[in-house]
Amino acid sequence: MDDFFPPPRPRDEEPIEETGFDRVPWEGAPEDIIGGIVPLERVLARNDHLAIVATQAVAYADGVEIRLRLRARRRPGMSREEWALVSRGIWGYDDDPWQVAEAEAAAAQGRHPDGLLRFGVRFADGSVVTTVDERDDEDEWPGQRPDRPVLSLNEEGGGSSGENIDSEYALWLWPLPPPQLFELAVKWPLLGVDLTFTPLDGAEIAAAAARARPFWDD
Numbered sequence: 015m016d017d018f019f020p021p022p023r024p025r026d027e028e029p030i031e032e033t034g035f036d037r038v039p040w041e042g043a044p045e046d047i048i049g050g051i052v053p054l055e056r057v058l059a060r061n062d063h064l065a066i067v068a069t070q071a072v073a074y075a076d077g078v079e080i081r082l083r084l085r086a087r088r089r090p091g092m093s094r095e096e097w098a099l100v101s102r103g104i105w106g107y108d109d110d111p112w113q114v115a116e117a118e119a120a121a122a123q124g125r126h127p128d129g130l131l132r133f134g135v136r137f138a139d140g141s142v143v144t145t146v147d148e149r150d151d152e153d154e155w156p157g158q159r160p161d162r163p164v165l166s167l168n169e170e171g172g173g174s175s176g177e178n179i180d181s182e183y184a185l186w187l188w189p190l191p192p193p194q195l196f197e198l199a200v201k202w203p204l205l206g207v208d209l210t211f212t213p214l215d216g217a218e219i220a221a222a223a224a225r226a227r228p229f230w231d232d
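In terms of our numbering, the sequence shown is residues 15 to 232.
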């Protein structure tokens, strides 16, 4: 009985043309390039309930992606409320009334909320770029080519087993840093992470970028 299900109604509307988005290098890593890898395995911050680790750098001609892993645990004696605070801080729900209120209060005081995980890079010449820098055209696509470096943070995914949380992030630094030592900074007041700096080798990253190549030759 092929006629059991009625056929779909004819569609009168014009087909919608999909607008493509060309990649701009300051927004993220290229998708068609195999980046050169530098193992890092650097502990950026650690306390009794949270560890933030830079696992590797994936380098390209126009930037470097620094892979991060966050691991949290419910330590013995930690109350349900304390663990909920840690969980809330890591997952960062945009519609959480507590976080919305905290962000609004911080903005009124001219500061960033304590629950905001923030990273930065300090170059050898003393210049700094952070994940909380703002651009005048950041709501436009693609916007003007920035006249200074850009550092952006993207959540890659994660999970929880109830008393452990594992989450992965990626930092994109554009352009490729100079082949010199630079420092990666992190701060997360809500989870007890004070401003901390970790040195990284820009020369190793530059050498890895030279190994980057396309997935396909055509």
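No residue lacks a Cβ here, since even glycine has one placed at the ideal position from N, Cα and C.
Cα-Cα separation between residue i and residue j, rounded to whole angstroms
{"i": "residue 189", "j": "residue 71", "result": "14 Å"}
{"i": "residue 126", "j": "residue 120", "result": "6 Å"}
{"i": "residue 218", "j": "residue 194", "result": "9 Å"}
{"i": "residue 221", "j": "residue 231", "result": "21 Å"}
{"i": "residue 102", "j": "residue 24", "result": "48 Å"}
{"i": "residue 66", "j": "residue 157", "result": "32 Å"}
{"i": "residue 129", "j": "residue 79", "result": "23 Å"}
{"i": "residue 180", "j": "residue 169", "result": "12 Å"}
{"i": "residue 210", "j": "residue 68", "result": "13 Å"}
{"i": "residue 159", "j": "residue 116", "result": "33 Å"}
{"i": "residue 99", "j": "residue 224", "result": "43 Å"}
{"i": "residue 212", "j": "residue 132", "result": "14 Å"}
{"i": "residue 142", "j": "residue 199", "result": "10 Å"}
{"i": "residue 77", "j": "residue 40", "result": "8 Å"}
{"i": "residue 149", "j": "residue 42", "result": "16 Å"}
{"i": "residue 183", "j": "residue 167", "result": "7 Å"}
{"i": "residue 118", "j": "residue 146", "result": "16 Å"}
{"i": "residue 237", "j": "residue 81", "result": "Outside the modelled stretch of the chain, which goes from 15 to 232, sits residue 237, for which no answer is possible."}
{"i": "residue 173", "j": "residue 93", "result": "21 Å"}
{"i": "residue 55", "j": "residue 175", "result": "24 Å"}
With 16 other Cβ atoms within 10 Å as the buried cut-off, status of residue i
{"i": "residue 134", "result": "buried"}
{"i": "residue 228", "result": "exposed"}
{"i": "residue 163", "result": "buried"}
{"i": "residue 191", "result": "buried"}
{"i": "residue 57", "result": "exposed"}
{"i": "residue 140", "result": "exposed"}
{"i": "residue 171", "result": "exposed"}
{"i": "residue 122", "result": "exposed"}
{"i": "residue 50", "result": "buried"}
From the options, residue whose alpha carbon lies closest to that of residue i
{"i": "residue 83", "options": "92, 60, 43, 98", "result": "60"}
{"i": "residue 62", "options": "96, 183, 54", "result": "96"}
{"i": "residue 207", "options": "45, 86, 143", "result": "86"}
{"i": "residue 216", "options": "172, 200, 52", "result": "52"}
{"i": "residue 138", "options": "36, 197, 174, 161", "result": "197"}
{"i": "residue 48", "options": "55, 37, 73", "result": "73"}
{"i": "residue 185", "options": "161, 174, 144, 173", "result": "144"}
{"i": "residue 136", "options": "165, 173, 54", "result": "165"}
Cβ-based neighbour list, residue i, same chain, cut-off 8 Å, excluding 5 preceding and 5 following
{"i": "residue 46", "result": "228, 229, 230"}
Sequence-distant residues of the same chain with beta carbon closer than 6 Å to residue i, five excluded per side
{"i": "residue 88", "result": "97, 177"}
{"i": "residue 64", "result": "86, 205"}
{"i": "residue 202", "result": "131"}
Contact set for residue i: own chain, Cβ-Cβ below 7 Å, skip 5 residues either direction
{"i": "residue 104", "result": "84, 86, 179, 181"}
{"i": "residue 44", "result": "37, 74"}
Problem set entry | Completely contained beta strand (DSSP E) runs for the stretch 66-98, where each covers 3 or more residues | DSSP runs (the beta strand (DSSP E)) wholly in the stretch 66-98: 77-87.
For this session: Within the stretch 187-211, note down every full alpha helix (DSSP H) run reaching 4 residues or more, in order along the chain.
Result: none
Problem set entry | Ranges of the beta strand (DSSP E) found wholly within the stretch 111-151, counting only runs of at least 3 | 132-136, 142-144
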